[in-house]
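Novice: Dropping the structure in here first, questions after.
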Amino acid sequence: MIDSAALLADLKRELKTLEADLRVRAEDPESPWGSRLRDEYGRAQARERTGLAWIDWRDGQVAQAGVAWIIATVFIRFCEDNGLLAGATRDGRSVAQPWIAGPGDGLERAVENEAAFYAAAPTMTSRDWLQQAFGTLADLPAGAPLVDRKHSAVWHAEISATAADGLRDFFRRTTPGGELVHDFSDPQLGTRFLGDLYQDLSDYAKKTFALLQTPDFVEEFILDLTLTPAIQEFGLTGLKVIDPACGSGHFLLGAFERLMADWSASAPGLDRGDRAQRALDSIHGVDLNPFAIAIARFRLTVAAIKAAGITTLVAAPAFRYHLAIGDSLLGGQSPEAKLDMGDGEYFAYQAEDLQEHANILAPGQYHVVVANPPYIQPPDARLRDTYRALYSTCHGKYALSVPFMELLFRLAKQPDAASGAGHVGQITSNSFMKREFGKKLIEQFLSGKYTGTTRPSYVDLSHIIDTSGAYIPGHGTPTVILVGRPRRPQTDKVSAVLGVRGEPGQPAVPSQGLVWTDIVAHVDQPGYNGQYVTVLDAPRATYASFPWSLSGGGAGELRAQLEAAGATRLGTIPFRIGVFGVLGADEAFITRSDEVRRVGEPNSFRPLVVGDAVRDWSIGQTEPTFFPYNAQHILQPLEDFPKQARSMWRVRTELGNRATFTRGTYFSDGRPWYEWHQIPQDIGASGWTITFAFVATHNHFILDRGGKVFNRSAPVIKLPADATEDDHFDLLGVLNSSTACFWLKQVSYPKGGDPMGTGGARVSLEPWSDRYEFTATKLEEFPLPPVSTREIAKRLDTQASQQRADSPRATLAGSARDIRRALDEARTRWGEAQRALVSLQEELDWQTYVAYGLADQALAPAFDQLVPIDANERVMEVGLAREVVPGWENTKWFQRHGRAANLAGPNSEWPPAYRELWFSRYSAIQSNPSLRMLERPEYKRRWAGPSWDELQASAVKDALLDRLESPELWRDGAGRPLARSAAQVADDLRRDERVRELLTIHTGSPDFDLTAEIGKLLSNEAVPPFAPLRYKPAGIEKFRAWERTWDLQRAEDRGERVDVPVPPKYGQADFLKSTYWTARGKLDVPKERFLSFPGARLPDDATELYGWAGWDHSERGQAIARLANELSRAGAPEDQVVPLLGGLIELQPWLDQWYSGIDERSGVSPASAVSAATTALLGRLGIGVDTVLAWRPAPATRGRKKA
């Protein structure tokens, strides 16, 4: 039997081997496939089918080719183990089987058959042997589409004989008992395992094509709402069903089984094979992924022969399929779309066959259209613009669910005099409901009004079903099911299934989850109000405007109450709400505080606030960013920042090719390549700024009084220039309340929270862990109450400021000599401030309830004296604890926040009046549904910031690292740069009492090994200067591409006219260590504190050698050359010296660029000096530059460490 999980895990490893082999062949100009790829890439670029760099595009083709070989071989193995090719012939002769393995003595016979093949054709290899098997399948009428000779990569992207040996041997592996490791025998001929391979085999394909299987129970539910009524309305004859994003064919298989059952019932006398073909004639599918269509064809073929009563593919007829490989969004163009593609010819990749199914995407022909379309944004910028031109609903940074929504209704049959409209059903991402790109889709397409196009002119939604709370395996994005028809709405109602709460735990059987069964059981029962869903016939007008809210259980009514109570909308008050600015390439602009010190040009940078740092009335640690503007936000010449300009030069091509709002690039539009993508001047706005966390589980708004800049993850509210402090706090108070949190979550997009289970389902383990996207347009509609909470907001702001002054980082920055004592005293003050903040926030929440008319004034009295409280003493947390203990509520709130569940209630030490108030609030929550909803973990402040211990650990570590960066540690007595071992650095610091005290705190003990601890600190902050010591092979290849780009940039600087390609971006998998990735990022911008020289050792010193990243290129060259000469003269092994030479060779172009002139201090050219040193070292070792650059470190060994 097939072990799907084990097969998938093993094949993922085999795929990596095939990809490595195919990558070599793709780069071989003598390889027919490599040559064709280059040609295809050029044509794809010209026809705007891709905007990817060559390496990225090539890797995609390599991944698809590798999968094609694996899938085709899996087909053969499935056929071998289940006798599906029994009796096959070629050229009139019986074919010797099996090729790879089989039941019983199948493996031995396969080996014998292969040996006989080589005896007859000695020049053939295992690749040819596998192609013999594929050819046998391709020669069969029923098998030809499965390994199509024209399009399948197994005929065009030939792997090497060595790789073919490995692929063949993989499927021949046996257990110690002699059984095949992977047995494909299955009496039921089940093909679901192929769906698992489709979804998870290739990481590239999963990311690029957003691969996601539709679970059977979801597919059946949607077909119940679409195919079943369509059959009743239109009959079986001529019925047409399509899934234009069919993947591995789950919807198609489900439809086939239903159609077969109906044909059997309506035409029992018809031949079974004819019934199977009639069912197949109804089914149509398209997918961009070639191996998805291959799997869908195979699964349909197996289903068809089973339905026809045929036992082999050999006996099967040439079934007609309507399955095409290609981009549905390009093939399904609207008649109104006007897209200039140049010469009018249709461009298709080798693997695509959409043109051979020319009418498959013709609009208006299908009685049933179903899909689970991809939810991601278009992965290619050029395709994104193409889709936008073809689909009128594409707006802003849209997801692919938007054009697919339009396509589905476009494909469906339009109503006419003879019959009604087709039925459309889909499960899709609900991101369009609340994210800005969905506004046009909702209000112009799904509203029931005229769409502005002829296909369709109208959309009649019949069902809107919130499935975001259901446990649906594999769906990592919140979803909604939509059902409708392309026609004028027949009623003014829409059947809406609204979510009340999510799945409380991972169900053993997802189809029997509590939320899903509630949906299925009550979808047709308007008026149902259950524990998990509410069902109602909602006015269509409710869903004719953006945003949609699908919350049940009374949430809609409370939102309406708040909006009715609002005296005005927030958008009427500020100068503007939106981003402070957009960098357009964060990795190029943002750096670290220690890097700013090393650059030595502080006026180049401003502290950048990111959304994650905006928490609990404070801004945490900021990140310096390059800010080439003056106080009026006017761009300054790059020459004003000479040191940072050199750093930015590395990414000039990347930055200059950023897309602009005109759909050009910075270069083509003549924009300075180093400027931010967008930065309003805000003339007429206050110098103060309210900023907030764009994505967070709860609402966090902070007042900044100037001097900072803000990432787009921390948008801003700017008031007019004449706004007072009170004006700012009028907003700051209410926006930080639990009431505001509730309202914002009703209209904002949920990004996801702590996942439940391991099946990839979207459902959050806890609703309060869901992160939401709080946008400017939503905030503009926020209803402000008629009463201000500014005074309590001021107190919160002041208290938070005092707490920041007592933070560990601020304490260590002071002049205290006794560090431990200073930190202990600050800890006490910091904790007291925290309890005060919790208490003040409670008063703010209750004052806000009163302001909106949700609670009596007596529940929010004025207190002269603050009563500090712990977070678990709040009314909400005590109430939650009292529900958890008896089992009424299941939550990890207390564990996650490190707080005990408090059942006791109010603290006995509180003043009587405050205790009485606590009881009054508790009673009000029990009796008032609105307060009961607001006083929930989903809306109450979590107080989940870092603890004192976490803040102290980070501050102490940074203080130690700052000390290790002291320049004198990295220079000799004459001030020359010097590489040092960890032991040498430790010796210099052995009598530094501050370092010893910091290390005692850092390690938790005074008995530490100074050298070992210094070594750990240096190691985790260091990056080697030679590429093979930084990157894995794929990363080295990308680095060489970046070097070619830099060479061409230098040619540009010399005045030459050259085309400079945009180099590929890096991923974490490209780096040898995660710390290297952390220091460099996807643009490989150096931000490390130290250099490391792995493997190099001084005589009689076993500790690793390091350098300082604060050296300039000249000093770095001097230090490395000096170290290389020292080791060489000491007789160090070649493997210690060669990587140092590699670092010098890779450094040389930068020395030639920046340091070719005579240095005033030394009287020589640094570039010439280092070049001469490199040449001398090469001569001493008797090797050339190519040998050095080809050097690779020995593979890391695995095994148990010696005791």
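Under full-length UniProt numbering, the residue at position 1003 of the sequence shown is numbered 1003, and the numbers go up by one with no gaps. Glycine is no exception: its CB is placed at the ideal position from the N, C-alpha and C atoms.
Are Phe134 and Met124 touching if we call contact CB-CB under 8 angstroms?
Specialist: no
Novice: Could you spell out where the alpha helix (DSSP H) holding residue 1219 opens and where it closes?
Specialist: This structure does not reach residue 1219, given that the chain is present from 1 up to 1203, and the question cannot be answered.
Novice: Rounded to whole angstroms, what is the Cα-Cα separation between Pro672 and Gly656?
Specialist: 8 angstroms
Novice: Count the other CB atoms within 10 Å of the CB of Asp343; is the residue buried (16 or more) or exposed (fewer)?
Specialist: Reliability of the predicted coordinates at Asp343 is poor, the pLDDT of 42 falling under 50, and the value obtained from them is presented with this limitation in mind. Exposed, by the Cβ-count rule.
Novice: For Glu781, name the three-state secondary structure that DSSP assigns.
Specialist: Glu781 falls in the coil class under three-state DSSP.
Novice: Spatial neighbours of Asp81 within its chain, please: CB distance less than 7 angstroms, with the 5 preceding and 5 following residues excluded, ordered by chain position.
Specialist: Gly102, Pro103, Asp183, Phe184 and Ser185
Novice: Could you tell me the alpha carbon to alpha carbon distance between Val1188 and Leu1141, rounded to whole angstroms?
Specialist: 7 angstroms
Novice: With a 10 Å radius around its C-beta and 16 neighbouring C-beta atoms as the bar for buried, classify Asp59 as buried or exposed.
Specialist: So Asp59 ends up on the buried side.
Novice: Does Lys745 pass the burial test, meaning 16 or more other C-beta atoms within 10 Å, or should it be called exposed?
Specialist: Around the beta carbon of Lys745, 16 or more other beta carbons sit within 10 angstroms, so the residue counts as buried.
Novice: Nearest-angstrom Cα distance between Asn928 and Gly898?
Specialist: Each residue's Cα considered, the two are about 30 angstroms apart.
Novice: Measure the CB-CB distance between Arg435 and Tyr749 and report whether it falls below 8 angstroms.
Specialist: yes
Novice: Give the secondary structure of Gly342 by DSSP, where H, G and I count as helix, E and B as strand, and everything else as coil.
Specialist: For Gly342, the predicted model reports a pLDDT of 41, less than 50, meaning its position is unreliable and no value from the coordinates is stated.
Novice: Have a look at Gln64, Leu236 and Gly106 and flag the residue whose alpha-carbon is nearest the alpha-carbon of His151.
Specialist: Gln64
Novice: Specify, as a first and last residue, the run of the beta strand (DSSP E) that Glu40 falls within.
Specialist: Glu40 -> not in any beta strand (DSSP E); alpha helix (DSSP H) instead, spanning Pro32 to Ala46.
Novice: State buried or exposed for Gly254, treating a residue as buried only when at least 16 other CB atoms are found within 10 Å of its CB.
Specialist: buried
Novice: Would you identify the three-state DSSP class for residue 1214, choosing helix, strand or coil?
Specialist: Within the shown structure, residues of the chain are numbered from 1 to 1203, placing residue 1214 beyond reach of any answer.
Novice: Using only the alpha-carbon positions, how far apart do Phe1008 and Leu1177 sit?
Specialist: 40 angstroms
Novice: I need the DSSP call for Tyr737, collapsed to helix, strand or coil.
Specialist: Looking at the sequence itself, residue 737 is Ser, so the reference to Tyr does not match. It is coil, neither helix nor strand.
Novice: Would you please state the rounded distance, in angstroms, between the beta carbons of Ile925 and Glu909? I believe it to be under 8 angstroms.
Specialist: About 23 angstroms; that fails the 8 angstroms criterion.
Novice: Please classify Asn711 as buried or exposed, where buried requires at least 16 other C-beta atoms within 10 Å of its C-beta.
Specialist: buried
Novice: Please classify Leu180: does DSSP put it in a helix, a strand, or coil?
Specialist: strand
Novice: Give me the Cα-Cα distance between Thr386 and Thr50, rounded to the nearest whole angstrom.
Specialist: Distance between the alpha carbons of Thr386 and Thr50: 10 angstroms.
Novice: Since Ile937 and Trp1111 should fall inside the 8 angstroms C-beta cutoff, what is the C-beta to C-beta distance between them, to a whole number of angstroms?
Specialist: Note on identity: in this sequence residue 937 is Pro, with Ile being the wrong assignment. So it is not a contact: roughly 51 angstroms between Cβ atoms.
Novice: With burial defined as no fewer than 16 other Cβ atoms inside 10 Å of the residue's Cβ, what is the status of Arg13: buried or exposed?
Specialist: exposed
Novice: So for Trp910, helix, strand or coil by DSSP?
Specialist: coil
Novice: On the DSSP bridge list, what partners appear for Tyr366?
Specialist: Ala412
Novice: If you draw a straight line from the C-alpha of Glu1043 to the C-alpha of Lys413, how long is it?
Specialist: 55 angstroms
Novice: Rank Gly1157, Pro624 and Leu407 by C-alpha distance to the C-alpha of Gly707 and give the top, closest one.
Specialist: Pro624
Novice: Where does Trp888 fall in DSSP's three states?
Specialist: coil
Novice: When we look at the beta-carbon of Lys1087 and count the other beta-carbons within 10 Å, is it buried (16 or more) or exposed?
Specialist: buried
Novice: Which of the three DSSP states is assigned to Ser647 in this structure?
Specialist: helix
Novice: Could you give the DSSP three-state label for Tyr749: helix, strand or coil?
Specialist: In this structure, Tyr749 counts as strand in the three-state DSSP scheme.
Novice: Suppose you measure from the CA of Ser392 to the CA of Leu408; what does that come to, to the nearest Å?
Specialist: 14 angstroms
Novice: Could you give the distance in angstroms between the alpha-carbon of residue 1204 and the alpha-carbon of Arg921?
Specialist: The structure shown does not extend to residue 1204, since the chain is modelled only from 1 to 1203, so the question has no answer here.
Novice: Note down, in chain order, each residue of its chain lying with its Cβ closer than 8 angstroms to the Cβ of Ala318, except the 5 sequence neighbours on either side.
Specialist: Pro141, Ala142 and Ala144
Novice: Rounded to whole angstroms, what's the CA-CA distance from Ile55 to Leu37? Just pull it up for me.
Specialist: Using only the alpha carbons, I get a separation of about 11 angstroms.
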